[in-house]
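Below is one structure, written out as structure tokens; comments come after it.
Residue numbers (our numbering), protein chains in the order written: chain A, 1 to 404; chain B, 1 to 517.
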């Protein structure tokens, strides 16, 4: 069986892969991506991209075509809802941000990057002999072999590339399920210009709703093993009773597993040897589980690291881990209580929203947040967040020794 | 799905929301690599005309990035021209085959302007001969690929000197004339570009044309400060002067505002031959003034020195000691400043470069110090240029951005003497509202031993450039990642006017088109 040879092989064809490819293709390297589905492919996602990610798309891939956006085309900000029935709306800094249709936005980005994609080709495994990486893949039942100097795993939360170099990792972190149902609207007082999020411990670990293409999305995240329909029914009832949201039965349902957690506690996975892990596979997640902008930026950094490693003849892991420091810091800062209290690590101003409330309401919100955070207590993240935040305070960076 | 392709310069309406990203143009600023259509035909065409194209990976990889180190790409091939005729052949063939051509001198651009995103790279450093020195007219005619230090070396043999050149002397003459070029004598002598008397230019369509303020003046005004859009400068006749050793005096400040006000006072009064501000963070601010003659220094000492509010080194050292005694938690900062002071300043008076208390060759001293203390794998130097009245605020705001992003950084401020309102200044580094003297400030983080992603450095640059948009300033350099700022800073009407001129001069849009459009 002949082996196809490339400078860089990327697994995945999403935004992280496109961003990495943009840097690599521009640098004149021979790059291929393996994508297990046929493009354009669907992807479970809220589609609400942060302003920082929006700017990245424009600067690197050009003006956004209308076809890659849902209706409404933009999202003005986020509204937090609390059990005490207080709501805080915050506009994104930099104005409304795109509501991406991931099926087409990812396709547009990957095409704009100039990346050569082998579709319907599943990554099966790899061996890194120190000089090159041998990759096994499967297309239409036929085994294929590739050889690349570097491999970039940009294949999402359940990354098979990550699994091939750290087989036990999947078992070592908690997993969550997120599911969203699409329902026609009978009556919905929730402002369709905003993404709505509930800090309610009785609803789920992550409860959201927003409008898309004249339907309402009602979504909920919960520990893996839970029953989506039960959680969803609970949320739907709450929205109807407390917010007057009346929806027709769900027409569509989608869900996936999420590795929410590594970015909170600075436990990223960046790979080994000539294999780099990036995007959500590495654990990047912004607050409110927006992973697209970190995927774009971390993917681009993975691409830069490969280019830098080749140009300076340095080990790629060394270059990648140095360059990724700023993105890891920015991402973990969003959970750092000191940064939240004394700065603003987010792209919307929560503190400004709080200042608009009365003192009594502010206290109620703080109480609600603490009650909500208690449902995360079993994961033991609180102490880790605090210890990492203290180290950040003293050393102005998070320790890279916790990264895999 | 249909993926739309937008013509260069076309900014489509935004389908997201009209108020999204607060006016940032919907423009791709990191270009894609050209994919090589017609490349082989183009190479064959050139080879049949006797032009050698180097296509080896090693030949191309040398030019993978520029001094900025944030943009990476490879040309498909490199031509090292020997003559204007070679360049003419390249550009004629490029127009016919629609192959992008990127010119490169010393590669000291910081935004990827001299990085070829595919296509052909013209390595102008092969055209580096001085052709004629005219001591009567006080001009030198030189090929434009020459680096300033090479030119200086040759002029020194006749005890002559250029007027002004960038402190980083591995810039090429042609590249510098295309962007401006500032020196510490720019408050008196203006930009490097303003010392050009006659140019030989190969236009984007391959015509070899001489231009000056009398002959083809329109082309002259377009090519100077023109970011390589309207032709390749192959020869330049520059004004020169007698070479002189210089004496330097230093004044130390702890306030940026006061130091800048004194810098502007010196420039306004024409009190010194050279002046500039160089800082260590925003704590130790040094105003440097230098003189070509003892007479000028004496005049400065008697007429203007007392008006300056800076301190001598001993007095400033005592004040700093007092400050850090009261702020002991900033001990690391104090240690950095002291360390930097004792490493950097002796470089300016090394005995081998001094004679009777004067610096014999400022070219060597400054250029050496620049590389030794500010050089590195990446040179990140966003800058702002403004009229006198806005300058203090611009520097103070930029300084706050530096503080936010980096532990260690330097500011470098200098005045730029203008020659009235010349057409060449339009859409250039010269602010449109400046008269007589404009001022520029470079914001330079110390990156040696640090590692930041391109995005982090870009975010820093963006925040500096945003100040320029907000205050209606200009910038020393446009291009590459800064493309998005040209329309914001200069307005669509002016940019579209220049784009129309560019399209008329370069129908296939092949010459350095990615730089600003």
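Glycine included, every Cβ here is placed at the ideal spot set by N, Cα and C.
The model shown is predicted, which means the values in this text are computed figures rather than measured ones.
Can you find the residues in the same chain that come closer than 8 Å, C-beta to C-beta, to residue 147(A), ignoring five residues on each side of it along the sequence?
3, 4, 5, 6, 132, 133, 134 and 135
Could you have a look at residue 266(B) and say whether DSSP puts it in helix, strand or coil?
helix
Exposed or buried, residue 232(A), counting other C-beta atoms within 10 Å across all chains shown (16 or more means buried)?
buried
Exposed or buried, what is residue 478(B) when buried is set at 16 or more other beta-carbons lying within 10 Å of its beta-carbon?
Here residue 478(B) scores only 48 on pLDDT, less than 50, and its place in the model is too uncertain to base an answer on.
State whether the region 355 to 363 of chain B contacts the region 423 to 432 of chain B, with contact taken as three or more CB pairs (one from each stretch) at a distance under 8 Å.
no
What residues in the region 273 to 307 of chain A bring their beta carbon closer than 8 Å to a beta carbon of chain B?
297, 300, 301, 304 and 307
For residue 210(A), three-class secondary structure by DSSP:
strand
With a threshold of 9 Å between beta carbons, is residue 140(A) in contact with chain B?
no
If we define contact as Cβ-Cβ less than 9 Å, is residue 16(B) a contact residue for chain A?
yes
Spell out the partners DSSP gives residue 424(B) in its beta bridges.
In the DSSP output, where bridge partners are listed per residue, residue 424(B) has none listed.
Would you mind sorting residue 105(A) into buried or exposed? The rule is 16 or more other CB atoms within 10 Å of its CB.
buried
Is the CB-CB distance between residue 408(A) and residue 33(A) below 9 Å?
Missing from the structure shown is residue 408(A); chain A here goes from 1 to 404 and no further.
Do residue 95(A) and residue 19(B) have their C-beta atoms within less than 9 Å of each other?
yes
For a contact meaning CB atoms closer than 8 Å, what does residue 24(B) contact in chain A?
55 and 58
Residue range of the unbroken alpha helix (DSSP H) whose run includes residue 75(A):
Residue 75(A) -> not in any alpha helix (DSSP H); beta strand (DSSP E) instead, spanning 69 to 75.
Residue 499(B) burial status per 10 Å Cβ neighbour count (16 or more: buried):
buried
Considering Cα atoms alone, identify which of 165(B), 157(B), 381(B) and 348(B) is closest to residue 369(B).
348(B)
Return the CA-CA distance between residue 480(B) and residue 314(A), expressed in angstroms with no decimal places.
Bear in mind that the predicted position of residue 480(B) carries a pLDDT of just 47, short of 50, making it unreliable; the figure below should be weighed with that in mind. For residue 480(B) and residue 314(A), the distance between alpha carbons rounds to 27 Å.
Contact check, residue 467(B) vs residue 384(B) under 8 Å by CB: the rounded distance?
6 Å
Per-residue contacts from residue 64(A) into chain B (C-beta, under 8 Å):
14, 15, 16 and 26
Contacts that residue 73(A) makes with chain B (C-beta to C-beta distance below 8 Å)
15, 16 and 17
Would you mind working out which of 84(B), 340(B) and 147(B) sits nearest residue 367(B), comparing C-alpha positions?
147(B)
Give a yes or no on whether the minimum CB-CB distance between residue 454(B) and chain A is below 9 Å.
yes
Exposed or buried, residue 215(B), counting other C-beta atoms within 10 Å across all chains shown (16 or more means buried)?
exposed
Exposure label - residue 84(B); buried when at least 16 CB within 10 Å
buried
Hey, is residue 35(B)'s beta-carbon within less than 9 Å of any beta-carbon in chain A?
yes
Near residue 372(A), which residues of its chain fall below 6 Å by C-beta distance, leaving aside the five closest residues on each side in sequence?
199 and 201
For residue 331(A), report the span of its beta strand (DSSP E) as first-last.
Here residue 331(A) belongs to no beta strand (DSSP E); instead the alpha helix (DSSP H) covers 325 to 333.
For residue 157(B), name the three-state secondary structure that DSSP assigns.
coil
Contacts of residue 107(A) in chain B (Cβ-Cβ under 7 Å)
1
Going along the chain, which residues of its own chain have a beta-carbon closer than 8 Å to the beta-carbon of residue 307(A), five neighbours each way excluded?
23, 24, 27 and 29
Residues of the region 438 to 452 of chain B in Cβ contact with chain A at a cutoff of 9 Å, in chain order, please.
450, 451 and 452
In whole angstroms, give me the CA-to-CA distance for residue 254(B) and residue 443(B).
17 Å
What does the alpha-carbon distance come out to for the pair residue 409(A) and residue 389(A)?
In this structure chain A extends from 1 to 404, so residue 409(A) is not present and cannot be described.
Is residue 25(A) close to chain B? Criterion is C-beta to C-beta, closer than 9 Å.
yes
Where do the N-terminal and C-terminal ends of the beta strand (DSSP E) with residue 125(A) fall, by residue?
121 to 128
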